[in-house]
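What follows is a single structure, written as structure tokens, with notes after it.
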Amino acid sequence: MYIRKDEEFNLDILKKDFDNLMKENGLNEEIRKTLFEIVKKYDENETMLVLTSYFNYCQTDIFKEDIKQFIKNPDILLNVYTVYWGYKTKGEWAEAFKYEYEFLDIFSLEDLVEFYFKENSKDEFIAYLKNSIDLGKFEKQIDNIEIIDILNKLIELDLTDDFDDLISPFIDWESLIDKIINGNFIVSSWYEDIIIVESY
């Protein structure tokens, strides 16, 4: 599996698109800061955070919630789980049980493509690439390659400086937001930690 390096895959545009949709769904900067404060209260090596009722509650009532009071008493609305033995961090545990519990890393290139790439849009994406980038010899192979392999090849060959612009129009952002509101996911980029949000 391709390991993304920060200098090769800049997520600023994807984050901007995602943040805009979060704002449209009522998740503002205040809630993001709140989640960060919660994470800092727990030891990285011993706890697994599952934000349940609070996250779902704040979808509609975020402006009514007393955020400062919640930060002082997070256990009222948090379920804290001990990390399974054999894993050094909750991040390792979450990755190991990712598919079993349907934890999705929303800023993983592989997950974005596997779960959120717009259905039946591969041909459109390939046509877009052919019209936007000089693919050279790679153009003859591109039709028979999986999307994730195409993207990794573009990175490997350093064929574009606007990688995020290429993929962003083909991500089903509405489905991603729906998954976040109603399902399980991992956030590993915003808060310098991993947060797992689990719906009922």
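No gaps in the numbering here: position 136 of the sequence shown is 136 in full-length UniProt numbering, and each next residue is one more. A virtual CB, placed ideally from N, CA and C, is assigned to each residue, including glycine.
Buried or exposed for residue 157, please, with buried defined as at least 16 other CB atoms from any protein chain shown within 10 angstroms of its CB.
-> Exposed is the call here.
Measure how close the beta-carbons of residue 126 and residue 111 come, nearest whole angstrom, since I'm counting them as under 8 Å.
-> Residue 126 to residue 111, Cβ: 21 Å. No contact.
Could you check how far apart the C-beta atoms of residue 147 and residue 122 are, in whole angstroms? I think they sit under 8 Å.
-> Their Cβ separation, rounded to whole angstroms, is 6 Å, which keeps residue 147 and residue 122 in contact under 8 Å.
If you draw a straight line from the C-alpha of residue 173 to the C-alpha of residue 96, how long is it?
-> When rounded, the distance between both Cα atoms is 26 Å.
Sort 159, 98, 153, 149 by Cα distance to residue 132 and report the nearest one.
-> For the residues 159, 98, 153, 149, the minimum Cα distance to residue 132 belongs to 159.
What is the DSSP secondary structure of residue 171, counted as helix, strand or coil?
-> Residue 171 falls in the strand class under three-state DSSP.
Going by other Cβ atoms of all chains shown within 10 Å of its Cβ, with 16 needed for buried, is residue 120 buried or exposed?
-> By the neighbour-count rule (16 or more Cβ atoms within 10 Å), residue 120 is not buried but exposed.
So, residue 116 versus residue 154, is the Cβ gap smaller than 8 Å?
-> A distance of 8 Å or more separates the beta carbons of residue 116 and residue 154.
What are the partner residues of residue 117, as DSSP defines its beta bridges?
-> As a beta-bridge residue in DSSP terms, residue 117 pairs with 171.
Beta-carbon spacing of residue 109, residue 151 below 8 Å = Going by beta carbons, residue 109 and residue 151 fall inside the 8 Å limit.
Should residue 205 and residue 124 be called a contact, given that it needs their Cβ atoms to be closer than 8 Å?
-> Nothing in the structure corresponds to residue 205, since the chain is present only between 1 and 200.
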